[in-house]
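Novice:
In this note's numbering, the protein residues as written are 18 to 255.
1. Going by beta carbon distance, what residues of the same chain come within less than 6 Å of residue 174, once the five residues before and after it are set aside?
2. Should residue 221 go down as buried or exposed, given a rule of 16 or more other Cβ atoms within 10 Å for buried?
3. Residue 33 by DSSP, collapsed to three states: which one?
4. Less than 7 Å between the beta carbons of residue 247 and residue 108, yes or no?
5. If you check the beta carbons only, do residue 212 and residue 51 fall under 7 Å apart?
6. From residue 209 to residue 230, what does the alpha carbon distance come to, in whole angstroms?
7. Among 203, 177, 178 and 96, which has the Cα closest to the Cα of residue 189?
8. Can you grab the Cα-Cα spacing for the pair residue 40 / residue 250, in whole Å?
9. When burial is assigned at 16 or more other CB atoms within 10 Å of the CB, is residue 21 buried or exposed?
10. Taking the alpha carbon of residue 124 as the reference point, which residue from 236, 245, 102 and 253 has its own alpha carbon closest?
11. Does residue 195 pass the burial test, meaning 16 or more other C-beta atoms within 10 Å, or should it be called exposed?
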């Protein structure tokens, strides 16, 4: 290993950290979905880890193929750009669909009063919802809730690590395969670790938030935030 490879590995660490922190799509979807779905801390980290791994490995595989067959870096950048745009639109679409679903769920579950009459002439009223709070455990096992982790994983596999191939893998390939593996591992490790760190801290912070009567809108809010993160990626280049 040459000094240049170790310097490049250090650069990969910095790029992986900055790439993740500046990209809200790396952590925001997991933070809001875990709050809305009431995922446990371990489940949130496990799903986030798998999505992060798929996110990195898809670019790693493409980079190794490009290096092996001699594809020009600008061609791979074009492929990565297309994948990035596709992933951003998928994130926007998923967020919007989840927002509509959450809004429908909130309206359906709007608290309302029921008036009861008794044989003795007395009457009383009480507040009522169609989905009482104790049913949320069962609701998580149905419909869109089962698909959510798989949808996120698919989106992240499509989503590229844009700096990985041109700034990390190709420069390292001028040395040897060991150098490529080293700098790629450094980038992947930092990217995933940074994702998990941000999500962990945010999970703890978000757990203190109480929406009160607006709690039923938490799914709609989660969908809106996911769509916004996709918009930031597609139109602001984050």
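The beta-carbon is built from N, C-alpha and C at its ideal position, and this holds for glycine as well.
Specialist: Quick look at the numbers:
1. So the qualifying residues of the chain are 71 and 75.
2. Label assigned to residue 221: exposed.
3. Here residue 33 sits in helix by DSSP.
4. In this structure, residue 247 lies near residue 108, with their beta-carbon atoms less than 7 Å apart.
5. Pairing residue 212 with residue 51 gives a Cβ-Cβ distance that is not under 7 Å.
6. About 36 Å.
7. Checked all of 203, 177, 178 and 96; the closest Cα to residue 189 is 203.
8. Between the alpha carbons of residue 40 and residue 250 lies a gap of roughly 7 Å.
9. Looking at its Cβ environment, which holds fewer than 16 other Cβ atoms inside 10 Å, residue 21 is exposed.
10. Selected option, being the one with the closest Cα: 236.
11. When all chains shown are included, residue 195 counts as exposed.
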